[in-house]
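Protein chains in written order, with my numbering: chain B, 2 to 289; chain H, 1300 to 1582; chain V, 188 to 436.
Here is the structure we will look at.
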Amino acid sequence: MRKVKEFIIEKLIFLSGLASIFFVVLIFLFLMKEGLSVFKTISFPDFIGGNKWYPISEPAQLGIKPLILGSLLVTLGAAIISIPIGIGCAIYIAEVAPKKLKEFLKAGIELLAAIPSVVLGFVGMVTLVPFVKSIFHLPTGLTAISGSIMLAFMAMPTIVSIAEDALYSVPKIYKEGALALGATHWQTIYRVMLPASSSGILAAVMLGIGRVIGETMAVMMITGNAAVIPTSILQPVRTLTATIAAEMGEAVVGSEHYFALFAVGIVLFVISFAINVTADIFLHGERK
Amino acid sequence: MMKKTYRTQKIAFFFLLVATLLIVIPVGIIVVIIIQKGMPGINWEFLSDIPRKGMRAGGIFPAIIGTIYLVSGAIAFALPIGLLAAIYLSEYSKDNLLTRIIKLAIVNLAGVPSVVYGLFGLALFVVFFKFGASILSGSLTLGIMILPIIITASREALESVPYSFREVSLSLGASKWQTIRNIVLPNAISGILTGTILGLGRAAGETAPILFTVAAFYLPRLPQSIFDQAMALPYHLYVISTQVPNVDEKIRYGTALVLLAIVLFMNLIAIVIRYQLRKKKKW
Amino acid sequence: MVTKINIKNLNIWYGNSPAIKNLNIQILANEILTVIGPSNSGKTTFLRMLNRLNELELSFKMKGLVEIDGKDITKIDVELLRKKVGMVFALPLPLPLSIFDNVAYGPRMHGIKNKNKLMEISEKALKEAYLWDEVKDRLSTSAFKLSGGQQQRLCIARTLAVEPDIILFDEPCSGLDPISTAKVEEAMVRLKEHYTIVLVTNNVKQAARVGDRTAFFLSGELIEVDKTQKMFTAPFDQRTDDYIRGIFG
């Protein structure tokens, strides 16, 4: 009796172990199932390379190039801001900060990671957007740069915590060896610790960027959502994620627009998949 | 020469400190602003009343209840699967290709953009299973989203239980499952709880996955069943700050504060449990 | 004397490296067999073969025959085997439970639920391990509150509580001071009345003190096994003599 019960439990455990694979595949299949239909009416190059996104005009124009460029621009801006600050902060926490302060700073970073993106979007709307508008004398503060700044904040917790882990896992003897040879603490960090943890830090950066590309609510609330090819960071843009979030509510199930939004989902899924697999290789590949 | 290198170090450390402050100070400011401007709007009526006058007055009670339903549903779905999956990885899996693929799948599940979860929930639960936009669809979508959080945290907790405890239990003739059930799980419980609470916090704050799977724009009553739509706090905040003009600032900040408070409270509990655990660790 | 354990042509590998090479040995009922040898000589592997704890290692492979009471142990249900063959580990390893719950853990896992019955078993086991008088007033306190020597005797009691035939000791005194060691040794000597005992030890003097027979392992091979007194006075093999006199190892 006990044996039968345990047999069933162990089978359940095994099945649950496979659940993650099952769900990843399921997500991919359902995105494909709904998204591939759009290519009956538009070719893949026209979809990716088309300059116009007018999904509800007649006939619908479904080029997502402006959305891809919007995402790229906002992400690039966020990366430029968050990478140096995030890595700097990680080094400070891992190497420089005294123990008590370290705990406090880590709690602060965790706090930032926990704030819901819609709250950050809201705060960005009421503080950052008017600020950007006034210093650049723009007609609107809902711009790519506002989005970049806000998204940088969302990427930082990821970058800081993973980069800090990477620095922390550098074997102590490396550091002690360098210090024993008379290098200053900073020289040790710069010449020994950073190179030794470079693959972990690279992974941190990639995962941070992954977080930015996939971020939705804050971006939708503060980038202005104009689906045009961006020419400046002081201009409203629309990202891939915001497009889905803003338009899916109105798209009729089974319409061309609906399929196109799922196709945008496939693009996002593939990007995030590529980023995560690469980052995982950086994090775990070398240990083998 | 020596002096110069020390000056370089000082400058470098100064910039590192600046970078840190650039993150920490804005976090503090954000929290303080929301508390300061949100507090005046918080009173019993705001928390317990339905929204009135096109969400420009009244309270946010249905949104709070909706969020509680969604989060409970998500946990009810994700905790058993996530915990069992963590047990598989920590106690049963071998160092082989399958394990590697599972781990990669978890990493990917954690990295899928939240709005893509929304699409997936729409396609699978709302359309394919015909659950419609409902608490059920939303809960399942959120549940799958927080699965990697629960698996990762639980697995860490399970793996931190010393291997020797397992050996002792097995050497006394206990079966593998008895060992897991009586020795490993009780000693990993705080870590599992921490992960679960973090998952709860994440589920409570997410908007994109519920946009098309459950969230009601304006539904001034409580949901009747799991097949009913519901309001939810994060979506409500999005609606009143972008979709409805002329909402009183007090209501908007008040809603943001309630949402933030719920999420941060959960994180606080998780941090406290973890701290207690570290202090009390017996081995 | 009755043969309790019979081992024939046993070979064990971890991955590709051999840990036990062509081992043949009999262990008699109600004797204390002490196993000595330098580290990596295969003595712990030998011990963990007897209750199949080796199988937890993924790279473990074996060939040959191990019989207990005439039955091939790879064909017995592993939980029953481990119930019959108890083990005491090198370091005191109380489970994070109360003293009572530690001792009652095994019986509980084997289906005994009656509180009085459990109490009875625990008391008997704790008495057999010479711990009862020291803990009888505080059975519900954490096992971690005991001293190292007490913890190790608790582990012995915990093993006794499942009523094994055979008890394996894996360097049970390596973490203990001389006084605690003496108490554990005393317990072992008295236990052989009812149990067959296999004791792996790094302490040659301990082997001489408690062993009826002693086996000397070197690089996975059994060099010799003989009456302890004979082995320590007139060993057959030069290498045994060198090891006992502390020339290597």
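Ideal Cβ placement from N, Cα and C applies to all residues, glycine included.
Keep in mind that this is a model prediction, so the values were computed, not measured.
Buried/exposed call for residue i, threshold 16 Cβ in 10 Å
i, result
"M2 (chain B)", "exposed"
"L1378 (chain H)", "buried"
"K1352 (chain H)", "exposed"
"A1375 (chain H)", "exposed"
"K289 (chain B)", "Note that K289 (chain B) scores a pLDDT of 39, beneath 50, so its modelled location is shaky; the value from the coordinates is reported in the next line. With fewer than 16 Cβ atoms within 10 Å of its Cβ, K289 (chain B) is classed as exposed."
"R400 (chain V)", "buried"
"K323 (chain V)", "exposed"
"P1447 (chain H)", "buried"
"S198 (chain B)", "buried"
"N227 (chain V)", "exposed"
"G1372 (chain H)", "buried"
"P188 (chain V)", "Before going further, note that residue 188 (chain V) is Met rather than Pro in the sequence given. The residue is exposed, with fewer than 16 neighbouring Cβ atoms inside 10 Å."
"V254 (chain B)", "exposed"
Residues of its chain near residue i, where Cβ-Cβ distance is below 6 Å and the 5 sequence neighbours each way are ignored
i, result
"F356 (chain V)", "V275, L386"
"E408 (chain V)", "K208"
"E1548 (chain H)", "none"
"I192 (chain V)", "I214, I255"
"A91 (chain B)", "V161, A164, E165"
"A205 (chain B)", "I160, I163, A164"
"D424 (chain V)", "I410, E411"
"N390 (chain V)", "none"
"Y1416 (chain H)", "T1440, M1444, P1508"
Own chain residues within Cβ distance below 8 Å of residue i, not counting five before or after
i, result
"L268 (chain V)", "N238, R239, I255, I260"
"G293 (chain V)", "K270, R345, T346, A348, V349"
"A277 (chain V)", "D357, E358, P359, S361, G362"
"S1489 (chain H)", "A1456, I1572, R1573, Q1575, L1576"
"L208 (chain B)", "T159, I160, I163, I276, N277, A280"
"G201 (chain B)", "I163, A164, D166, A167, L168, S170, F283, L284"
"N1481 (chain H)", "S1468, A1473"
Proximal chain V residues relative to residue i, where beta-carbon distance stays under 8 Å
i, result
"Q1477 (chain H)", "M296"
"N1486 (chain H)", "P283"
Chain-order list of residues whose beta-carbon lies under 7 Å from that of residue i (same chain, five-residue window excluded)
i, result
"L121 (chain B)", "M151, F154, M155, A219"
"I1400 (chain H)", "none"
"I219 (chain V)", "M375, K379, I384, L386, V397, G398, D399"
"L1408 (chain H)", "L1446, P1447"
"G436 (chain V)", "Legend: pLDDT at G436 (chain V) = 49, less than 50; position of this residue unreliable, value from coordinates given subsequently. Same-chain partners within the cutoff: P225, Y430."
"F1516 (chain H)", "V1538"
"G1337 (chain H)", "Y1552, G1553, A1555, L1556"
"A402 (chain V)", "I212, L220, V222, L409, V412"
"H1535 (chain H)", "I1359, A1362, T1554"
"L70 (chain B)", "I230, P231"
"K134 (chain B)", "T141, G142"
Under 8 Å from the C-beta of residue i: neighbouring residues of chain H
i, result
"V124 (chain B)", "I1329, I1332, I1333, A1555"
"N238 (chain V)", "S1470"
"Y292 (chain V)", "S1468, L1471, A1473, N1481"
"P339 (chain B)", "Look at the range of chain B in this structure, 2 to 289, and you will see that residue 339 (chain B) is not part of it."
Beta-carbon separation (whole angstroms), residue i vs residue j, contact threshold 8 Å
i, j, result
"V253 (chain V)", "I194 (chain V)", "5 Å"
"T242 (chain B)", "G211 (chain B)", "Contact doesn't hold; Cβ gap of about 12 Å is too wide."
"L68 (chain B)", "T240 (chain B)", "6 Å"
"G1494 (chain H)", "P1533 (chain H)", "Rounded, the Cβ-Cβ distance is 21 Å, inconsistent with contact."
"S44 (chain B)", "G1410 (chain H)", "Going by Cβ atoms, the distance from S44 (chain B) to G1410 (chain H) rounds to 29 Å, so no, they are not a contact pair."
Listed by chain order, chain B residues near residue i by CB distance under 7 Å
i, result
"N1545 (chain H)", "Neighbours of N1545 (chain H) on chain B: none; closest Cβ ~15 Å, over 7 Å."
"V1326 (chain H)", "G109, L112, L113"
Listed by chain order, chain B residues near residue i by CB distance under 8 Å
i, result
"I1248 (chain H)", "As displayed, chain H neither begins before 1300 nor continues past 1582, which places residue 1248 (chain H) out of reach and without an answer."
"S1392 (chain H)", "G18"
Contacts of residue i in chain H (Cβ-Cβ under 9 Å)
i, result
"F276 (chain V)", "S1463, E1466, V1467, S1470"
"L280 (chain V)", "P1461, S1463, F1464, E1466, V1467"
"K34 (chain B)", "A1422, F1427"
Neighbour list for residue i in chain V, Cβ cutoff strictly below 7 Å
i, result
"S1474 (chain H)", "E266"
Where residue i meets chain H, residues with beta-carbon distance less than 7 Å
i, result
"T185 (chain B)", "T1304, Y1305, Q1308"
Can you give me, in chain order, the residues of the region 128-154 of chain B that have a beta carbon less than 8 Å from any beta carbon in chain H? T128, F154
Of the residues that make up the region 333-362 of chain V, which ones have a beta carbon closer than 9 Å to any beta carbon in chain H? C342, R345, T346, A348, V349, P351, L355
Note down, in chain order, all residues in the region 154-178 of chain B with a beta-carbon under 8 Å from any beta-carbon belonging to chain H. F154, M157, V161
Near-chain B residues of the region 1341-1365 of chain H - C-beta to any C-beta below 7 Å: none
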